Each structure stands twice: as C-alpha cells, then as structure tokens.
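Those letters in the sequence shown? Residues -21 to -1, 1 to 244, by mature numbering (1 follows the signal peptide of the UniProt record, and there is no 0).
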Amino acid sequence: MMQLRTLILTSVMLPWMLSSAAKEKHMRKPKKEIVTVQNYDALQDVVPAGPRADGKLPTCLLCVCLSGSVYCEEVTPEMSAVPALPKETAYLYARFNKIRRIRHRDFADMATLKRIDLTGNLISEIEDGAFAKLPHLEELNLSENRLTKVPALPAKLLSFNANFNQLRAQGVKPAAFRKLTRLTYLYLGNNELTAVPQLPESLHVVHLHNNNIWTITDETFCKGNSSHYIRSNMEEVRLDGNPVALSMHPDSFICLPSLPIGWYD
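Structure (structure tokens):
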C-alpha cells in the first residue's frame, strides 16, 4: 500500500515540478551589462570626421553627407579650413564659410571628386598642386573670394568660375586655360584683369565683364592671318564694364558667330 501511494505521489508531483522549473527559466530576464563613461565630452571627441578604416561614410560633425555629396554651407561654429572628406565624395559644397587657404593635402587622394564649390569664402592662397590629383574634376567654383592668381587646373575641367575675386594679369599664366581642351565655361568677371587671357578652342561661354581691359587684338579671339577661321563653339562673350571700345577693333570678332557684349561707342 505504501509503495502504491509513493508511486501515485511521484506521478503527480514530478510533472508539476518540471513545468514550474521550465516556466521560471523562460521568464527570467538576462542581466544587463552596465557601461560607465567617466567623461562624455572625451567620448564625443573620438567620433571620426574623416574616412573610417572600414571604408564607410563617416559621421560628419559639421557637414551633411548624403550619397556622395557633402554640404558644409554657412557652418556654425565658423569653418576656416576644408574639412576632412569621406573617400567617396563626388560633390563638395562648402559655400559661405571662412576658409582662407586651400592646402595641397586638402584634396589629396580624392580621385572621385567631380565638383567643388567654395563660393563666398575668404580664400587668398591656393598651394601648388592642390587640384592636381583630381582626374575627374569637372566643375570648380571659386567665386567671391580673394584670389589674385589662377591656380593650376586639372585637364578634364569643364567649368571654372572665379567671378568676384582680385585676379590680375600677372596672376594668370599664358597657358593657364589654353591647355584645357575640354573647358566649356569660363567666368572671370569682376576682377582686375587688364588683358584677355589665352582661350582654348573648346569654350562656349567666356565672361570678362567689369575688369580693366583696355585693348584686344586680332589674335584675342580669332586668327589674324586667316580670314576663313570660324570659332563656331563660342556662343557668348561678355566684355561689358571694361574701358575697351569694341568698335575700334572690328577685325577682332570676324570669326565669332555673334558680337561680344560690351561698349561700342
């Protein structure tokens, strides 16, 4: 009889005990690991502003990085130098800041860059070769700065804008633009140029308005020794706001599809 009671008790209690143990194990929450940061500001300082080792886009502290484009416009606190860029950057917009100088290393190894816009800064110096290692750069905008000379430009450039600077004739090398066989748009208005620089055949638009250009020759736009030469690519030439009287140089435009904009009195 005693054995029968023991057998019945065991058959009832054992399943209940096993069920309770399993339920307790299922309901038990894992213990959280607590991490203590003693200096939160120090942690912020280690967030990368440049390319990460894993090649992914970094967290941009001052700029907005989006699909190969970096936007650093009117940054607060003020930005006085070109920021470190992700390796994949193709388009940089760093307009209306306080950048004063372009260093050789600012764009080193940034082979993917296609457009750089630095409008409205305080740039007065560009180190030699700053844009030399940018084989795919097509658009460079340096308007509204303080440049007195044109930097060396990459061969595949399509558009160069240096309006509203302090460019002088001695700051423009004879072949500064001549060898740029793909250059289509050239903007040099509102500077201090006294002569028209040598221009490549590829140009469609050239703006030289509001300078100090006093004279032009038969070789400025055309080939003086050839009456059959036509500069068919040239669509627009602006010379308004210069002291040169275009009516005094009628043979200087015979190769152009249309007359330049300027003073003819």
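Don't be surprised by glycine CBs; every beta carbon is placed ideally from N, CA and C. Source: prediction; values computed, not measured.
Cβ neighbours of Gly203 in the same chain (closer than 6 Å, five flanking residues each side left out): What you label residue 203 is simply residue 224 of the sequence shown in a count that begins at 1. Once the five neighbours on either side are set aside, the close Cβ partners of Gly203 are Asp197.
Buried or exposed (CB count within 10 angstroms, at least 16 for buried), Tyr166: In the sequence shown, counting from the first residue as 1, residue 166 sits at position 187. The residue is buried, with at least 16 neighbouring Cβ atoms inside 10 Å.
Which of helix, strand or coil DSSP assigns to Phe139: The residue labelled residue 139 in the question sits at position 160 within the sequence shown. The answer is strand: DSSP assigns Phe139 an E or B state.
Buried or exposed by the 16-neighbour rule on C-beta atoms within 10 Å, applied to Pro239: Taking the sequence shown and counting its residues from 1, the one referred to as residue 239 is at position 260. That one is buried.
Burial state of Gly168, where buried means 16 or more other Cβ atoms lie within 10 Å: Along the sequence shown, read from residue 1 onward, the residue named residue 168 stands at position 189. With at least 16 other beta carbons inside 10 angstroms of its own, Gly168 counts as buried.
Ala131 versus Met227: straight-line alpha-carbon distance, rounded: Reading the sequence shown from its first residue, position 152 is the one you call residue 131. Reading the sequence shown from its first residue, position 248 is the one you call residue 227. Straight through space, the alpha carbons of Met227 and Ala131 are spaced by roughly 34 Å.
Whether Pro179 touches Leu162 by CB criterion (8 Å): Locating residue 179 in the sequence shown gives position 200, counting from the first residue. Locating residue 162 in the sequence shown gives position 183, counting from the first residue. Yes, these two residues count as a Cβ contact at 8 Å.
Leu60 versus Asn142, Ile78, Leu218, Ile105, residue with shortest Cα-Cα distance: By one-based count along the sequence shown, residue 60 stands at place 81. According to the sequence shown, residue 60 is Ala rather than Leu. By alpha-carbon distance to Ala60, the top candidate from Asn142, Ile78, Leu218, Ile105 is Ile78.
In DSSP terms, what Val49 is bridged to: Locating residue 49 in the sequence shown gives position 70, counting from the first residue. Under the DSSP definition of a beta bridge, Val49 partners with Cys44, Leu71.
Straight-line Cα distance separating Glu117 from Lys93: Working through the sequence shown from its first residue, we reach residue 93 at position 114. Working through the sequence shown from its first residue, we reach residue 117 at position 138. One Cα belongs to Lys93, the other to Glu117, and the distance between them is close to 5 Å.
His186, DSSP secondary structure in three states: As a working note, residue 186 is residue 207 in the sequence shown. His186 falls in the strand class under three-state DSSP.
C-alpha gap between Phe232 and Phe200, whole angstroms: In the sequence shown, counting from the first residue as 1, residue 232 sits at position 253. In the sequence shown, counting from the first residue as 1, residue 200 sits at position 221. Answer to the nearest angstrom: the Cα atoms are 7 Å apart.
Given Met89 as reference, the closest of Ala109, Lys152, His188, Ser211 once Cα atoms are compared: Taking the sequence shown and counting its residues from 1, the one referred to as residue 89 is at position 110. It is Ala109.
Whole runs of the beta strand (DSSP E) within the segment 203 to 239, excluding any shorter than 3 residues: Counting only unbroken stretches of 3 or more residues, the beta strand (DSSP E) elements lying wholly within the segment 203 to 239 are 215 to 217, in sequence order.
Proximity of Thr173 and Ala155 at Cβ, strictly below 8 Å: Counted from its first residue, the sequence shown places residue 173 at position 194. Counted from its first residue, the sequence shown places residue 155 at position 176. Contact check for Thr173 against Ala155 fails: the beta carbons are separated by 8 Å or more.
Environment of Arg125 [buried if 16+ CB atoms lie within 10 Å]: Here residue 125 is taken as the residue at index 146 of the sequence shown, counted from 1. Arg125 should be labelled exposed.
Supposed contact pair Arg74 and Leu97 - C-beta distance, whole angstroms, cut 8 Å: Reading the sequence shown from its first residue, position 118 is the one you call residue 97. Reading the sequence shown from its first residue, position 95 is the one you call residue 74. 7 Å between Cβ atoms; contact.
Per-residue DSSP class, three states only, for Asp88: Sequence index remark: in the sequence shown, residue 88 carries index 109 (1-based). Of the three classes helix, strand and coil, the one that applies to Asp88 here is coil, per DSSP.
For Thr160, the nearest candidate out of Glu52, Ser138, Glu171 (CA to CA): Position 181 of the sequence shown, counted from the start, is the residue given in the question as residue 160. Among Glu52, Ser138, Glu171, the Cα nearest to that of Thr160 belongs to Ser138.
Whole-Å CB distance - Leu64 paired with Val54, under 8 Å assumed: One-based indexing of the sequence shown puts residue 64 at position 85. One-based indexing of the sequence shown puts residue 54 at position 75. 14 Å between Cβ atoms; not a contact.
Val216 classed as buried or exposed, judged by whether at least 16 other C-beta atoms fall within 10 angstroms: Taking the first residue of the sequence shown as 1, we reach residue 216 at position 237. Flag for Val216 reads buried.
Limits of the beta strand (DSSP E) - the one that Leu101 falls within: As a first step, residue 101 is located in the sequence shown; it is residue number 122 there, counting from the start. For Leu101, no beta strand (DSSP E) segment is defined, and its DSSP state is neither H nor E.
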